[in-house]
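Sequence positions in the sequence shown follow this note's numbering and run 1 to 254.
In what follows, a single structure is set out as structure tokens and then discussed.
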Amino acid sequence: MTKTNANAEAPLLEHLEELRIRIFWALGLWIVGSGVAWNYRAKIIDFLQYPLEFTKTSSNLMVTQVTDQLFMSFSIAMWGGLVLSFPFILHQVWLFVAPGLYDNERKWAIPMILWALLAFLSGTAFCYFVFLPKALPFMIDFLGAGLDVSFVVNLNLGQYIGQMLSYLLTFGLAFELPILAFVLARLGIVTHQLLGSWRRYAVVVLMILSAIITPTPDPVNMMMLAGPLYVLYELGILLARMGTPKTQENALEQ
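Right, dumping it as structure tokens:
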């Protein structure tokens with residue numbers, strides 16, 4: 001190996017070693033967060049039963065398999081630990097990428113991390129307090145609300161908790177779209193003009209995604225998801241305009 005090749009490989013090995021350390025810390029933080037979530041899994045189960053309070057039909061959470069409680073506990077610990085450790089994991093990402101950023105890029109990094117965290121929390125809050133209290137009663141009370149019948153709905157505990165966590169995660173990630181649009185525009189990958197030209201196609205895609213994601217086939221619940229997603233898309237166009245560097249914007253106008 002020549003001296004030149006050795007010098008070229010040295011920075012690469014240093015970056016790989018730094019990446020290994022950050023991944024190690026991120027996994028460790030996730031494990032610690034999972035341990036905390038495991039200890040409070042009973043409270044988390046109570047927390048996830050909140051949408052059931054809006055149903056008129058009597059609902060019971062039941063266990064049908066021997067391993068349901070065990071796998072559900074692991075699922076709660078894993079996802080709950082990820083949420084708890086997410087800010088600290090973002091800090092590890094920042095420690096890895098910060099040395100390679102210019103001063104003007106570092107100026108945007110910390111606000112973007114904070115906004116990304118706030119957007120995720122806003123998405124999960126919207127799902128928990130707005131979407132699920134409307135969607136869940138529609139499904140559970142579908143017959144009981146319209147017909148003169150009374151019955152008890154028995155829900156599988158593991159499936160219910162898994163569905164609630166998946167909905168919360170979906171909404172949390174969906175609310176990251178404007179932040180992603182800003183970052184991509186800042187990097188010069190997309191422009192607000194391009195996103196604006198895709199608006200009509202975005203409407204169709206968002207409607208299809210809403211029909212797939214929503215737990216009910218009725219248009220009301222579908223629009224409850226499609227509406228906020230379209231608002232997020234328009235917000236993404238606005239943030240992409242703000243994130244486009246002035247030099248690149250002037251070049252596109254010319």
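The beta-carbon is built from N, C-alpha and C at its ideal position, and this holds for glycine as well.
Keep in mind it's a predicted model, so treat the numbers as computed, not measured.
A Cβ-Cβ contact shorter than 8 Å links I44 with I76.
Excluding residues up to 5 positions away in sequence, G33, V36, A37 lie with their Cβ nearer than 7 Å to the Cβ of L84 in the same chain. By the C-beta criterion, the stretch 50-58 is judged not to be in contact with the stretch 105-123, since fewer than 3 inter-stretch pairs fall below 8 Å. In the three-state reduction of the DSSP assignment, V152 falls in the strand class, which pools E and B.
Contact check for Y167 against L117 fails: the beta carbons are separated by 8 Å or more. With three or more CB-CB distances shorter than 8 Å, the stretch 154-163 counts as touching the stretch 60-69. For L52, there is no enclosing alpha helix (DSSP H), as DSSP marks it with neither H nor E.
In the three-state reduction of the DSSP assignment, L187 falls in the coil class. Here Y233 is not near L194, since their CB atoms are 8 Å or more apart.
When the beta-carbon positions are compared, L165 and G236 stay at least 8 Å from each other. Out of Y128, A174, G81, the CA that lies nearest to the CA of W30 is found in G81. In this structure, Y50 is the residue among Y50, F24, E17, A26 with its C-alpha nearest to the C-alpha of F129. One Cα belongs to P245, the other to R186, and the distance between them is close to 6 Å.
Annotated as proximal: A211 and M222, with beta-carbon spacing under 8 Å. Between the alpha carbons of T124 and R20 lies a distance of about 31 Å. A Cβ-Cβ separation of about 17 Å leaves F171 out of contact with F138 under the 8 Å criterion. At the C-beta level, W115 and I179 come within 8 Å of one another. Between the C-alpha atoms of T64 and R41 there is a straight-line separation of about 19 Å.
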